[in-house]
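For what it's worth, full-length UniProt numbering labels the leading residue of the sequence shown as 1, then goes sequentially.
What follows is one structure encoded as structure tokens, with my remarks underneath.
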Amino acid sequence: MTVSGLPQLPPLTPEAHRWQTVKTNPRRVQRRSVGAEAIVGLEAQNSKGQYDLYMVATLQSSVASKASSTVLTLSHLKEKFELALLTARFQHPECAATVLWDDQVPAIISYEPPESDKVALAWAKNCVHIRLTAKSAYDVWGELEEERSATNCTTPSKSFELFLIANIEHQDAEIPARACVDVLIHSNHLFWDGISSRMFVGELFRSLNDLLGGPTGQQPPKFDWGEEVNNLGPAIFDCLCLDVEALGTEFDDKCKEYTAALGSRGLPFTPGLGFPRCELITLSAEKSKAIIKTIKTRLGPEYTITHFAQAAIVLALLDTLKPDDLTDDEFFVTPTSVDGRRWMEKEVANRFYPMCQTAAVVRVDHLKSIHVSHEDAKETQVEALEHACRDVKASYDRWLKNPYQLALGLRVHNFEANYLKAYVEVAPH
């Protein structure tokens with residue numbers, strides 16, 4: 001299929017995105033971001049934390065400290081997180097990477113090993129923070145965003161940092177048995193995606209568990225700093241199941257088909273920078289299982305909570321915006337992030353920590369027929385959800401079976417990054 005009238009997509013150039021030693025500083029290596037990295041790494045947005053990732057975990061003391069030789073305090077917990085981070089940095093240097101910008105649109109991802117164990121420990125200490133407050137991790141998350149906005153901060157976020165949050169008198173006070181400590185994890189999306197950040201946090205917590213019983217003031221581990229450069233995630237082009245430099249017209253046509261599929265009714269752009277905000281809904285494990293079971297019983301075993309959630313979002317948008325000019329054949333599309341690891345070599349995919357996202361175009365047809373209100377009869381809402389769910393699944397099925405999808409995403413996202421950069425420069429502020 002060939003689609004005319006579309007902008008020319010830039011070619012894929014693998015060599016431009018591989019790690020290279022910096023000539024002026026042989027200790028430093030860097031690579032040019034690519035694909036979704038290029039979008040979240042745009043200077044205007046990344047320097048203000050627009051795409052930052054947050055994650056919340058809760059630690060609970062299960063026994064009183066007197067049952068152990070170690071008194072559990074926030075200071076002790078901070079120290080052990082710092083030691084765990086040293087090991088994590090050697091294994092996954094991405095957690096200490098930094099970002100640079102030049103005259104090209106895609107950002108530069110850079111890494112330089114610490115000069116000594118002392119310097120490495122100072123880095124780890126600067127990545128772990130304590131907040132003494134009765135507020136939840138979600139409240140602190142909001143405060144961090146508000147502080148950044150109020151001060152107009154344009155320093156890009158660290159690749160990784162975390163906050164230990166507890167309602168106790170001071171950081172050296174004993175944490176009571178069964179008391180909870182919230183852990184707010186904050187990371188720069190340029191260096192991770194949602195999957196790899198959770199993988200990294202999981203490894204960090206397992207390492208923490210091995211260290212918690214140790215004494216306060218424990219000597220940090222020693223590493224041969226500089227060798228960890230070999231542990232940086234490989235260039236994504238070298239991990240694909242296909243050779244992008246050998247792709248031909250069929251790949252070009254698929255890329256054009258994808259961009260053509262993006263045209264539809266959209267939401268108006270609002271000039272300026274939006275304030276990051278989300279609403280959190282907590283469901284019990286039992287409730288979650290019941291929802292999933294109902295979806296599969298009513299629609300089929302191949303349907304997932306993802307299909308349902310995206311269908312619900314479309315219906316919620318319609319109910320909120322209440323468009324009165326819908327035609328019978330009008331449709332809605334949205335690009336949605338997809339884990340790209342399924343298109344990588346298997347031996348690399350499960351341990352690939354850099355950002356690895358492609359996209360699928362989700363299309364929901366006949367908007368007028370599913371434009372229902374949350375006040376309508378339950379069965380009316382369910383029927384609309386069913387219709388939208390089937391369209392969402394059909395969209396995923398269409399793109400996930402495409403063998404070029406990750407390569408396609410890298411190419412299209414490169415184009416989108418250039419478009420967004422140009423839009424920011426000309427948009428009114």
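The C-beta atom is built at its ideal place from N, Cα and C for all residues, glycine as well.
A quick note: this is a predicted structure, and the numbers were derived from the prediction, not measured.
Annotated as proximal: L208 and K80, with beta-carbon spacing under 7 Å. Looking at the DSSP output, L326 shares a beta bridge with no other residue. If you compare the alpha carbons of G142, P26, V105, S47 with that of V56, the shortest gap goes to G142. For R32, the closest C-alpha among the options T13, K48, S136, E169 is that of T13. Contiguous alpha helix (DSSP H) elements confined to the segment 118 to 191 occur at 137 to 150, taking only those with 4 or more residues. Secondary structure of Q8 (DSSP, three-state): coil. Counting along the chain, the unbroken beta strand (DSSP E) around Q30 starts and ends at 25 to 32. Runs of alpha helix (DSSP H) with 4 or more residues, each lying fully within the segment 292 to 369, are found at 305 to 321, 346 to 349, listed in chain order. Counting C-beta atoms within 10 angstroms of its own C-beta, R351 has fewer than 16 neighbours from the protein chains shown and is therefore classed as exposed. Taking each of K78, Q381, T259, H189 in turn and checking the Cα distance to L132, the smallest one comes out for K78.
Cβ neighbours of D52 within its own chain (closer than 8 Å, five residues either side excluded): S157, H186, S187, N188, H189, P276. Collapsing the DSSP output to three states places Y111 in a strand. For A235 and K368, the gap between their C-alpha atoms comes out near 45 Å. Collapsing the DSSP output to three states places A57 in a strand. Rounded to the nearest whole angstrom, the C-alpha separation of A120 and V201 is 19 Å.
Rounded to whole angstroms, the separation of the alpha carbons of T58 and V183 is 6 Å. When DSSP reads this structure, T21 sits in a beta bridge with V29. Taking the C-beta atoms as reference points, Q310 is found nearer than 7 Å to V362. Around the Cβ of G263, a 10 Å sphere holds fewer than 16 other Cβ atoms; the residue is exposed. With contacts defined as CB atoms closer than 7 Å, Y303 and I313 fail to qualify as a contacting pair. By DSSP's assignment, L240 forms a beta bridge with M344. Less than 7 Å divides the Cβ of V128 from the Cβ of L162.
DSSP, reduced to helix, strand and coil, places T249 within a helical segment of the structure shown. Contact check for Y353 against G233 passes: the beta carbons are separated by less than 7 Å. Taking each of T98, T380, K421, F331 in turn and checking the Cα distance to P114, the smallest one comes out for T98. DSSP lists I108 as the beta-bridge partner residues of L100. Straight-line spacing of the CA atoms in N126 and S75 works out to 14 Å. The beta-carbon distance between G409 and T358, rounded to whole angstroms, is 3 Å. This is short enough to meet the 8 Å contact definition. In this model, E145 and G49 are separated by some 8 Å (Cα to Cα). Of all alpha-carbon atoms in V22, L9, R27, the one lying nearest the alpha-carbon of E227 is that of R27.
Within a 10 Å sphere around the beta-carbon of G248 sit fewer than 16 other beta-carbons, which makes this residue exposed. Boundaries cannot be given for T282, as no alpha helix (DSSP H) includes it and DSSP labels it neither H nor E. Minimum Cα-Cα distance from I130 among the listed residues P106, I39, A173, V338 corresponds to A173. Of all C-beta pairs linking the segment 375 to 390 to the segment 214 to 231, fewer than three are shorter than 8 Å, placing the two stretches out of contact.
The beta carbon of A417 is closer than 7 Å to those of A38, I39, L42, V105, P106 in its chain, skipping five residues each way along the sequence.
Residue environment analysis places G35 among the buried positions, since at least 16 neighbouring C-beta atoms fall within 10 angstroms of its C-beta.
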